[in-house]
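Residue numbers (our numbering): 7 to 385.
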Ligand SMILES: [Zn+2]
């Protein structure tokens with residue numbers, strides 16, 4: 007075992023204690039006051055870790071954001087850690103899914119996504135600090151609180167901080183297979199609105215324009231935009247229409263979920279959905295774009311560089327990807343080198359069996375510490 011890995015392995019117990027501090031402070035995205043309690047704790051923690059500055063960004067609806075900086079005055083481009091401290095588990099989940107340790111696994115709501123990853127990042131920074139090895143460049147640590155609903159508020163801040171960074175480290179969990187994530191699909195939500203004309207289905211059906219029949223034709227056309235081989239999926243996920251059993255329906259509303267591998271595919275898809283036109287005389291069709299994240303396209307050379315650094319310290323890493331998005335999608339699309347899925351290994355994110363593989367905590371902390379120590383600027 008390498009010296010660095012040894013060092014962090016010795017700190018496993020204290021990492022688990024920190025994880026428990028975090029998991030016990032339940033932090034469902036929609037419960038601001040509860041999330042803020044955890045953010046308070048994070049602030050104290052960063053203070054104890056001798057951060058140069060700790061900035062709190064007060065929020066109205068969601069929990070406050072926290073930005074801690076180490077080596078703030080150092081020259082060189084910063085490293086930026088992205089963590090989110092909100093979870094999808096409603097407050098009170100601890101009662102039905104209590105913290106437990108079994109077979110080398112740590113169970114608890116939010117343990118994997120992504121309190122485990124947050125602990126790893128804090129531990130890597132604190133470990134290097136204790137060893138007097140913090141790299142001579144700024145380290146930014148941003149904790150947000152609404153990632154699980156798509157980061158609608160923090161997106162501009164994330165992009166602003168990432169703009170001048172050397173490397174963005176996203177502490178989301180690894181894939182189920184234990185790989186870091188070098189690509190993620192992008193995605194977008196759309197709302198489809200089809201309008202026809204209401205009429206009495208018995209007395210004057212000929213005067214109506216049946217929005218459900220118009221919708222049915224649109225649905226088939228939208229379904230043809232699927233290109234699963236190239237990673238493009240277009241799914242109509244929710245439909246609402248009609249008003250009563252004896253009325254020709256005047257309106258249908260539907261939700262569409264789209265996923266893509268490349269920015270180009272995203273633009274082509276957007277173009278196609280924007281150009282839907284009605285098939286029936288008098289009908290109207292509108293397709294509105296909602297929240298969306300660009301894809302994180304694989305950046306050649308980035309994984310190889312991280313893998314070489316890991317290998318130097320006896321840590322072998324593998325790469326993979328996922329259909330789901332993260333805040334890494336924003337920074338990668340800006341052209342900033344972004345490594346994602348650097349957090350804990352485990353399974354059951356968002357589910358009742360959510361857990362972390364305990365040995366992955368020191369292992370990933372050693373990997374992060376190695377990256378901070380050895381990362382050289384891109385030419
Ligand atoms: Zn997450």
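C-beta: ideal position from N, C-alpha, C; glycine also.
Roughly how many angstroms separate the alpha carbons of residue i and residue j, rounded to a whole number?
{"i": "residue 361", "j": "residue 204", "result": "52 angstroms"}
{"i": "residue 266", "j": "residue 193", "result": "6 angstroms"}
{"i": "residue 198", "j": "residue 293", "result": "4 angstroms"}
{"i": "residue 246", "j": "residue 298", "result": "22 angstroms"}
{"i": "residue 395", "j": "residue 196", "result": "The chain is shown only over 7 to 385; residue 395 falls outside these bounds and no answer can be derived."}
{"i": "residue 141", "j": "residue 83", "result": "11 angstroms"}
{"i": "residue 18", "j": "residue 92", "result": "23 angstroms"}
{"i": "residue 400", "j": "residue 372", "result": "The chain is shown from 7 up to 385; residue 400 falls before or after that span and cannot be answered."}
{"i": "residue 14", "j": "residue 260", "result": "50 angstroms"}
{"i": "residue 191", "j": "residue 300", "result": "8 angstroms"}
{"i": "residue 157", "j": "residue 148", "result": "13 angstroms"}
{"i": "residue 237", "j": "residue 94", "result": "26 angstroms"}
{"i": "residue 212", "j": "residue 220", "result": "15 angstroms"}
{"i": "residue 350", "j": "residue 12", "result": "18 angstroms"}
{"i": "residue 35", "j": "residue 206", "result": "45 angstroms"}
{"i": "residue 310", "j": "residue 357", "result": "32 angstroms"}
{"i": "residue 151", "j": "residue 284", "result": "41 angstroms"}
{"i": "residue 115", "j": "residue 122", "result": "11 angstroms"}
{"i": "residue 51", "j": "residue 180", "result": "25 angstroms"}
{"i": "residue 40", "j": "residue 33", "result": "6 angstroms"}
{"i": "residue 108", "j": "residue 200", "result": "52 angstroms"}
{"i": "residue 291", "j": "residue 268", "result": "27 angstroms"}
{"i": "residue 308", "j": "residue 85", "result": "15 angstroms"}
{"i": "residue 365", "j": "residue 117", "result": "14 angstroms"}
{"i": "residue 330", "j": "residue 312", "result": "22 angstroms"}
{"i": "residue 258", "j": "residue 332", "result": "31 angstroms"}
{"i": "residue 210", "j": "residue 286", "result": "18 angstroms"}
{"i": "residue 274", "j": "residue 336", "result": "19 angstroms"}
{"i": "residue 89", "j": "residue 264", "result": "25 angstroms"}
Within the same chain, show all residues whose beta-carbon is closer than 8 angstroms to that of residue i, passing over the 5 residues directly before and after it, in chain order.
{"i": "residue 208", "result": "252"}
{"i": "residue 47", "result": "27, 28, 31"}
{"i": "residue 228", "result": "198, 240, 242, 262, 279, 282"}
{"i": "residue 376", "result": "10, 315, 316, 318, 319, 321"}
{"i": "residue 276", "result": "194, 295"}
{"i": "residue 81", "result": "142, 143"}
Measure how close the beta-carbons of residue i and residue j come, nearest whole angstrom, since I'm counting them as under 8 angstroms.
{"i": "residue 334", "j": "residue 346", "result": "4 angstroms"}
{"i": "residue 110", "j": "residue 323", "result": "Rounded, the Cβ-Cβ distance is 20 angstroms, inconsistent with contact."}
{"i": "residue 178", "j": "residue 120", "result": "5 angstroms"}
{"i": "residue 288", "j": "residue 215", "result": "5 angstroms"}
{"i": "residue 217", "j": "residue 250", "result": "Not confirmed; about 13 angstroms, so no contact."}
{"i": "residue 172", "j": "residue 383", "result": "6 angstroms"}
{"i": "residue 143", "j": "residue 77", "result": "6 angstroms"}
{"i": "residue 340", "j": "residue 136", "result": "That pair is no contact at about 33 angstroms."}
{"i": "residue 49", "j": "residue 72", "result": "6 angstroms"}
{"i": "residue 407", "j": "residue 75", "result": "As shown, the chain starts at 7 and ends at 385. That puts residue 407 outside it, with no answer to give."}
Tell me which same chain residues have a C-beta within less than 6 angstroms of the C-beta of residue i, skipping the five on either side of it?
{"i": "residue 125", "result": "21, 24, 25"}
{"i": "residue 43", "result": "31"}
{"i": "residue 370", "result": "126"}
{"i": "residue 87", "result": "127, 147, 175"}
{"i": "residue 338", "result": "302, 344"}
{"i": "residue 99", "result": "115"}
{"i": "residue 69", "result": "38, 41, 42, 45, 151"}
{"i": "residue 271", "result": "238"}
{"i": "residue 380", "result": "315"}
Spatial neighbours of residue i within its chain, please: C-beta separation below 7 angstroms, excluding the five flanking residues on both sides.
{"i": "residue 374", "result": "126, 127, 130, 175, 348"}
{"i": "residue 189", "result": "302, 303, 304, 327"}
{"i": "residue 248", "result": "218, 255"}
{"i": "residue 97", "result": "32, 34, 37, 40"}
{"i": "residue 230", "result": "none"}
{"i": "residue 112", "result": "22, 25, 361, 362, 364"}
{"i": "residue 61", "result": "73"}
{"i": "residue 8", "result": "319, 320"}
{"i": "residue 159", "result": "65, 68, 152"}
Identify every residue that forms a DSSP beta bridge with residue i.
{"i": "residue 351", "result": "None; residue 351 has no bridge partner."}
{"i": "residue 247", "result": "258"}
{"i": "residue 148", "result": "73, 88"}
{"i": "residue 293", "result": "198"}
{"i": "residue 175", "result": "87, 345"}
{"i": "residue 236", "result": "BP columns for residue 236 are empty, so no partner."}
{"i": "residue 205", "result": "254"}
{"i": "residue 189", "result": "327"}
{"i": "residue 242", "result": "262"}
{"i": "residue 106", "result": "113"}
{"i": "residue 93", "result": "34"}
Tell me, please, whether the CB atom of residue i is closer than 9 angstroms to any CB atom in chain B?
{"i": "residue 221", "result": "Protein chain content of the structure displayed is limited to a single chain, and chain B is not contained in it."}
Can we say the region 310-322 touches the region 45-65, given the rule of at least three CB pairs closer than 8 angstroms?
no
Three or more C-beta pairs under 8 angstroms: does that hold for the region 42-56 against the region 128-141?
yes
Are the region 178-186 and the region 215-229 in contact at 8 angstroms, needing three or more beta carbon pairs?
no
Using a Cβ distance threshold of 8 angstroms, determine whether the region 155-174 contacts the region 99-107, with at least three qualifying pairs required.
No, the region 155-174 is not in contact with the region 99-107.
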